[in-house]
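Here is the structure we will look at.
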């Protein structure tokens, strides 16, 4: 029998911060699971008024995959550091662009 060290549990405050980020990210993703928001995004960002049904379904599939994916601590490192100092909704809102980048990366693949 190996003498293995048990893995240390994640600090509660660190887990709470990851949960805050995941919840905010998932709120944004869920907004884009509505086809109307996908179409509006493409109209505003890329001046495309129409998308075929297949492309919309592929985008929704990728968004659903992102919805269940773990939070990328590298992508959100700056936000995590700020939230460790003071976890509040204002900080999350001030860094909305980080959450939008996740969604925009998916959308950009389908331009």
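Residue numbers (the numbering used here): 822 to 932. For every residue, glycine included, the Cβ atom is placed at its ideal position computed from N, Cα and C. Predicted model, so just to flag it, every value in this text is computed and none were measured.
>> Suppose the cutoff is 8 angstroms on Cβ atoms and the five residues either side in sequence are ignored; what does the same chain contact list for residue 859 look like?
In response: Residue 859 sits at position 38 when you count from the first residue of the chain shown. For residue 859, where only same-chain residues beyond five positions count, the Cβ hits under 8 angstroms are 853, 872, 877, 880, 881 and 928.
> Between which two residues does the alpha helix (DSSP H) containing residue 918 stretch?
Replying inline: Translated into positions along the chain shown, residue 918 becomes position 97. Looking at the DSSP string, the run of the alpha helix (DSSP H) that includes residue 918 is 917-929.
> Which word fits residue 836, buried or exposed, when buried means at least 16 other C-beta atoms lie within 10 angstroms of its C-beta?
Replying inline: Against the chain shown, residue 836 aligns to sequence position 15. Residue 836 is exposed by the Cβ-count criterion.
> If you check the beta carbons only, do residue 919 and residue 903 fall under 7 angstroms apart?
Replying inline: Counting from 1 along the chain shown, the entry for residue 919 is found at position 98. Counting from 1 along the chain shown, the entry for residue 903 is found at position 82. No, the pair does not count as a contact, with Cβ atoms beyond the cut-off.
>> Which residue marks the beginning of the alpha helix (DSSP H) containing residue 872, and which one marks its end?
In response: In the chain shown, the residue the question calls residue 872 occupies position 51. Run containing residue 872: none; DSSP gives neither H nor E here.
> So does residue 838 have its beta carbon nearer than 6 angstroms to some heavy atom of the ligand NAP?
Replying inline: You won't find the ligand NAP in this model; it holds no ligand whatsoever.
>> Between which two residues does the alpha helix (DSSP H) holding residue 854 run?
In response: Taking the chain shown and counting its residues from 1, the one referred to as residue 854 is at position 33. First-last for residue 854: undefined, no H or E at that position.
> Going by other Cβ atoms of all chains shown within 10 Å of its Cβ, with 16 needed for buried, is residue 841 buried or exposed?
Replying inline: Indexing the chain shown from 1 puts residue 841 at position 20. So residue 841 ends up on the buried side.
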